[in-house]
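In our numbering, the protein residues as written are 325 to 451. In this text, a Cβ means the ideal position worked out from N, Cα and C, and glycines have one as well.
See the structure below:
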């Protein structure tokens, strides 16, 4: 719950004021919208764990894209490692918590089976 609230609060300056690291206002508001939506997803997962199976793929893809783009930016010298660690720590922690909650409640079993079936070419009941 704390990660979700923190994610939403950190999204407010970009979303409401259009202020995010000197980005154009429109771009900052778009990024703030994504950050707020992610925070709400974390809150929904904490409040209604039965929804984790639907939220997890979105959180996983968003986190993977953020980490991949951060790695490229660090490698090209566009940004520093410390800046990226601080900027994306909540997303990574939130992903881990959603994954743990999904494993604990069994909500990720069907997602894992579906992905495993797709990767190995086997059909599952959800195919």
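request  = Rounded to whole angstroms, what's the CA-CA distance from residue 351 to residue 370? Just pull it up for me.
outcome  = 29 angstroms
Alpha helix (DSSP H) runs contained entirely in the segment 393-442, provided each spans 4 or more residues = 405-429
ask   = What did DSSP end up calling residue 362 once you bin it into helix, strand or coil?
value = helix
inquiry  = Tell me the DSSP secondary structure of residue 331 in three-state form.
reply    = helix
task = Could you check what DSSP says for residue 483 in three-state terms: helix, strand or coil?
result = This structure does not reach residue 483, given that the chain is present from 325 up to 451, and the question cannot be answered.
request  = Express the C-alpha separation of residue 403 and residue 493 in angstroms, rounding to a whole number.
outcome  = Outside the modelled stretch of the chain, which goes from 325 to 451, sits residue 493, for which no answer is possible.
query = In whole angstroms, what separates the C-alpha of residue 332 from that of residue 432?
reply = 25 angstroms
inquiry  = For residue 362, tell me which candidate among 429, 344, 341, 384 has the shortest Cα-Cα distance.
reply    = 384
inquiry  = What does the Cβ neighbour count give for residue 382, buried or exposed, with the cut at 16 atoms within 10 Å?
reply    = exposed
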